[in-house]
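> Residue numbers (my numbering): 47 to 431. Virtual Cβ for every residue (Gly too), placed ideally from N, Cα, C. First the structure, then my questions, so here it is.
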């Protein structure tokens, strides 16, 4: 059984979001707005194993010479159709401005974990949110850190990752969901030809205590940019060798992963010769361009897979890391395998939208985006067979 899981995990599926083919069962409700949230940007969402949806977001609070210099990181939870009151999980002035985003993950108890690296790259923050009411924050110094992400595995352990530079090192921190605040620390393995770093990584937790870690791999020749995938076995405490490495299309930016109920990894990224192409890779290794994308400063596309096999991808246009105003649009597609129909706007009534995302608890799919400082969403469920 374990060998079967390992073999299926080798499939590195990259998927763009689109509207469902005629056979798809997923049906979305009309767009709604999360109450009491204002000034939001850079949203991230996750579904806990108990079915809760967790959402983190950044609220800019000050600019100097056009650069965001202060802000607040906040959090809300969706349970049984009701959103919690917004909760501040980081109000630290300049230390609450993330380099990219504040990532979030939920556990089976309904608690959440929010992580970020400060814009000056000097600290990593880990915030535990208990029942959407109480917050405990810890941090550690970094040299020149960039991205951070967090997941909760099927054995109830929280895993946080961040990339540091000078030299290139990617760190993995862990702690039990109900355990003490101290975080145990180890480095991710690095091959000799990965001296340029494991960049723009994405992390997802699968069944059986498996964690999948995908990243942009670069050799000494910075033009030789590829994507790579490793697997960490929590039960054995062991990293795999690289189980997939491929060039796909040139210059991949912002790869994002999802794992389905069969422990197959799905992912999307922006790339191509002009850094403006949204790409998908099927389980059989076929790389398919799915339409226009964005470059390095664009918001990364996200992907989720429902229990009934629908693959949902949400993509956003325009540069969205260096602005506090929603611009562009957010689109979604739904498909099965490699078959997707055309992209659809998440809300044709809103002209400017940004920071789209998607997550699923298996039965429900949540798409979120920002327009006019408010967070909007659509909830999808499988229709009758």
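1) Identify whether residue 179 lies in helix, strand or coil by the three-state DSSP scheme.
2) Between residue 230 and the rest of its own chain, which residues show a CB-CB distance below 8 Å, the 5 nearest in sequence each way excluded?
3) Could you check the C-alpha separation between residue 139 and residue 107 for me, to the nearest Å?
4) Measuring only from the beta carbon, is residue 175 closer than 7 Å to any heavy atom that is part of the ligand NAD?
5) Measure the C-alpha to C-alpha separation of residue 126 and residue 344 and round it to an integer number of angstroms.
6) Give me, in chain order, the residues of the same chain whose beta-carbon lies closer than 7 Å to that of residue 189; leave out the 5 immediate sequence neighbours on both sides.
7) So what does residue 165 bridge to, in DSSP terms?
8) Any Cβ of chain C within less than 8 Å of the Cβ of residue 212?
9) If you draw a straight line from the alpha carbon of residue 68 to that of residue 352, how long is it in whole angstroms?
10) Check whether the stretch 369-377 touches the stretch 400-418, taking contact to mean three or more Cβ pairs, one atom from each stretch, closer than 8 Å.
11) Might you give, ordered along the chain, the residues of its own chain that have their beta carbon closer than 6 Å to the beta carbon of residue 98, omitting 5 neighbours on each side?
12) Since residue 193 and residue 246 are thought to touch, with beta carbons under 8 Å apart, how far apart are those beta carbons, to the nearest angstrom?
13) Along the chain, where does the beta strand (DSSP E) containing residue 222 start, and where does it finish?
14) Which term fits residue 317, buried or exposed, when burial requires 16 or more other beta carbons within 10 angstroms of its beta carbon?
15) Give me, in chain order, the residues of the same chain whose beta-carbon lies closer than 6 Å to that of residue 21; leave out the 5 immediate sequence neighbours on both sides.
16) Below 8 Å on the Cβ atoms is my guess for residue 349 versus residue 389; work out the distance and round it to an integer in Å.
17) Cutting at 6 Å between CB atoms, please list the residues of its own chain near residue 216, excluding the five before and the five after it.
18) Run through DSSP, which three-state label would residue 139 get?
19) Just to confirm before moving on: does the CB-CB distance between residue 420 and residue 79 stay below 8 Å?
20) How is residue 148 classed by DSSP in three states: helix, strand or coil?
21) Taking the straight line between their C-alpha atoms, what separation do you get for residue 425 and residue 414?
22) Using C-beta distances below 6 Å, list every residue in its chain close to residue 364, excluding the 5 sequence neighbours before and after it, in chain order.
23) Just reading off the beta strand (DSSP E) that residue 342 is part of, what are its end residues?
24) Quick check on DSSP: helix, strand or coil for residue 396?
25) Going by DSSP, which residues form a beta bridge with residue 82?
26) With respect to the beta strand (DSSP E) encompassing residue 308, which residues constitute its N-terminal and C-terminal limits?
Taking the structure as given:
1) For the purposes of this step, residue 179 is taken as residue 133 along the chain shown, with counting starting at 1. Residue 179: coil per DSSP, three-state reduction.
2) Here residue 230 corresponds to residue number 184 of the chain shown, with the count starting at 1. Hits under 8 Å: 219, 220, 221.
3) Within the chain shown, the letter at position 93 stands for residue 139. Within the chain shown, the letter at position 61 stands for residue 107. Going by C-alpha positions, residue 139 is about 8 Å away from residue 107.
4) The ligand content of the structure shown is nil, which means the ligand NAD is not present either.
5) By one-based count along the chain shown, residue 126 stands at place 80. By one-based count along the chain shown, residue 344 stands at place 298. Rounded to whole angstroms, residue 126 and residue 344 show a C-alpha spacing of 32 Å.
6) Taking the chain shown and counting its residues from 1, one reaches residue 189 at position 143. 210, 211, 212.
7) As a position in the chain shown, residue 165 is number 119, starting the count at 1. According to DSSP, residue 165 bridges with nothing at all.
8) Chain labels in this structure do not include chain C; a single protein chain is all it has.
9) For this step, residue 68 is matched to residue 22 along the chain shown. For this step, residue 352 is matched to residue 306 along the chain shown. The pLDDT assigned to residue 68 is 42, lower than 50, so where the model puts this residue is not dependable; a value taken from the coordinates is nonetheless given after this. So the two alpha carbons sit approximately 17 Å from each other.
10) With three or more CB-CB distances shorter than 8 Å, the stretch 369-377 counts as touching the stretch 400-418.
11) Your numbering for residue 98 matches position 52 in the chain shown. Taking residue 98 as the centre and dropping the five residues before and after it, the same chain places the C-beta of 123, 125, 152, 156 closer than 6 Å to its C-beta, in chain order.
12) On the chain shown, position 147 is the one that residue 193 refers to. On the chain shown, position 200 is the one that residue 246 refers to. Yes, they are in contact, since the Cβ atoms of residue 193 and residue 246 sit about 7 Å apart, within 8 Å.
13) Translated into the one-based positions of the chain shown, residue 222 becomes position 176. Unbroken beta strand (DSSP E) run through residue 222: 215-222.
14) On the chain shown, position 271 is the one that residue 317 refers to. By the neighbour-count rule (16 or more Cβ atoms within 10 Å), residue 317 is buried.
15) Nothing can be reported for residue 21, as the shown portion of the chain is limited to 47 through 431.
16) The residue given as residue 349 occupies position 303 in the chain shown. The residue given as residue 389 occupies position 343 in the chain shown. Under the criterion of beta carbons closer than 8 Å, residue 349 and residue 389 do not qualify as touching, at roughly 14 Å.
17) As a working note, residue 216 is residue 170 in the chain shown. Once the five neighbours on either side are set aside, the close Cβ partners of residue 216 are 209, 234, 244.
18) Counting from 1 along the chain shown, the entry for residue 139 is found at position 93. Note: residue 139 maps to helix in three-state DSSP.
19) As a first step, residue 420 must be located in the chain shown, where it is residue number 374. As a first step, residue 79 must be located in the chain shown, where it is residue number 33. Yes.
20) For the purposes of this step, residue 148 is identified with residue 102 of the chain shown, where counting begins at 1. If DSSP states are grouped into helix, strand and coil, residue 148 belongs with coil.
21) Translated into the one-based positions of the chain shown, residue 425 becomes position 379. Translated into the one-based positions of the chain shown, residue 414 becomes position 368. Looking at the two C-alpha atoms, the distance is approximately 9 Å.
22) Residue 364 sits at position 318 when you count from the first residue of the chain shown. Non-local beta-carbon contacts of residue 364 in its own chain, meaning distances under 6 Å to residues more than five positions away in sequence, involve 373, 374 in chain order.
23) Position 296 of the chain shown, counted from the first residue, corresponds to residue 342. Unbroken run through residue 342: none, as it is neither H nor E.
24) Position 350 of the chain shown holds residue 396. Coil, per DSSP.
25) To locate residue 82, count along the chain shown from 1; it is residue 36. None, per the DSSP bridge assignment.
26) Within the chain shown, the letter at position 262 stands for residue 308. Premise fails: residue 308 is in no beta strand (DSSP E) and is neither H nor E.
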